[in-house]
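Chains as they are written, first to last, in our numbering: chain A, 77 to 191; chain B, 5 to 111.
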């Protein structure tokens, strides 16, 4: 079974631009979660989607948004990029909602650099 | 959310058992204990999880105390490839990662 895939793997943007990251979950998985990882803040939960609906949301500003499609693929968007948005963005999929006894499988991440 | 406390770093000799502790004194009855690890710049890797009972799989064992306020992840025969940051997580909705324990396996 193919693992979680994320595209692109690396991205360079400038302040003020917007960016869209894509995640394809493991086949059959219906939940997709997004995380931001920075050296200073560690791994922080952004949001979780299940059956095309956002089920949980972390403490991030509204510039961070996401969506999930009927095939469970997910995208996250960051508008008006700031230097502090430079990070590794990780996507994880699970059969059911994360935390409820379901294990999450992580993708390799997208490394975003904002100049 | 229940918060977790882990030692920032630990060393273990290759071939020995690595025992990684985690305190989660505010855990509630329906929160699972999860363990993940992250090897440099890769996505976190699921290791094991449990609710009340001890659990074992091909990678590790998870020992949860009877009051569920702490747990220990055991890697029975540590290898150099087990060098990573290990995260103990307790949460019902989503997963919140703390700072983890940086485990270094010494040859």
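Virtual Cβ for every residue (Gly too), placed ideally from N, Cα, C. Quantities reported herein were computed from a predicted structural model and do not represent experimental measurements.
What does residue i touch in chain A if you count any residue whose Cβ is under 7 Å from its own?
i: residue 50 (chain B); result: 179, 180, 181
i: residue 10 (chain B); result: Going along chain A, no residue has its Cβ under 7 Å from residue 10 (chain B), so there is no contact; the nearest lies around 12 Å.
i: residue 47 (chain B); result: 166, 182, 183, 184, 185
i: residue 100 (chain B); result: 121
i: residue 44 (chain B); result: Per Cβ cutoff of 7 Å: no residues; residue 44 (chain B) is ~12 Å from chain A at best.
i: residue 4 (chain B); result: In the structure as shown, chain B starts at 5 and stops at 111, and residue 4 (chain B) therefore has no counterpart that could be examined.
i: residue 103 (chain B); result: 118
Alpha carbon to alpha carbon, how far is residue j from residue i? Give it in angstroms, no decimals.
i: residue 94 (chain A); j: residue 106 (chain B); result: 34 Å
i: residue 90 (chain B); j: residue 187 (chain A); result: 21 Å
i: residue 100 (chain A); j: residue 149 (chain A); result: 5 Å
i: residue 67 (chain B); j: residue 191 (chain A); result: 46 Å
i: residue 18 (chain B); j: residue 71 (chain B); result: 32 Å
i: residue 57 (chain B); j: residue 169 (chain A); result: 25 Å
i: residue 144 (chain A); j: residue 173 (chain A); result: 14 Å
i: residue 63 (chain B); j: residue 51 (chain B); result: 7 Å
i: residue 16 (chain B); j: residue 123 (chain A); result: 35 Å
i: residue 42 (chain B); j: residue 146 (chain A); result: 30 Å
i: residue 107 (chain A); j: residue 177 (chain A); result: 13 Å
i: residue 103 (chain A); j: residue 181 (chain A); result: 12 Å
i: residue 86 (chain B); j: residue 152 (chain A); result: 32 Å
Within a Cβ cutoff of 8 Å, which residues of the same chain sit near residue i, ignoring the five residues on either side of it in sequence?
i: residue 21 (chain B); result: 78, 79, 80, 81, 82
Starting from the C-beta of residue i, find all residues in its chain whose C-beta is less than 6 Å away, skip the five residues before and the five after it, and write them out in chain order.
i: residue 73 (chain B); result: 29
i: residue 26 (chain B); result: 8, 10, 75, 92
i: residue 13 (chain B); result: 106
Interface residues of chain B around residue i at Cβ under 8 Å?
i: residue 92 (chain A); result: Result: empty, since nearest Cβ-Cβ is about 28 Å, beyond 8 Å.
i: residue 172 (chain A); result: Residues of chain B passing the Cβ test: none, with the nearest at roughly 12 Å.
How would you list, in chain order, the residues of chain A whose beta-carbon sits under 8 Å from the beta-carbon of residue i?
i: residue 53 (chain B); result: 177, 179
In chain order, what residues of the same chain have a beta carbon less than 7 Å from the beta carbon of residue i, not counting five sequence neighbours either side?
i: residue 179 (chain A); result: 170
i: residue 120 (chain A); result: 111, 112, 134
i: residue 157 (chain A); result: 89, 91, 92, 93, 94, 95, 190
i: residue 185 (chain A); result: 82, 164, 165, 166
i: residue 88 (chain B); result: 41, 42, 43, 107
Uninterrupted alpha helix (DSSP H) stretches inside the segment 29-86 of chain B (no shorter than 4 residues): none
Given 8 Å, three or more beta-carbon pairs between the segment 85-102 of chain A and the segment 149-168 of chain A
yes
- So, do the segment 119-139 of chain A and the segment 83-90 of chain A have three or more beta carbon pairs nearer to each other than 8 Å? Flag = no, the segment 119-139 of chain A and the segment 83-90 of chain A do not touch.
My parser needs the beta strand (DSSP E) runs of 3 or more residues fully inside the segment 92-177 of chain A; what are they?
If we require 3 residues or more, the beta strand (DSSP E) runs fully inside the segment 92-177 of chain A come out as 95-100, 107-114, 118-126, 129-133, 140-144, 150-154, 163-170.
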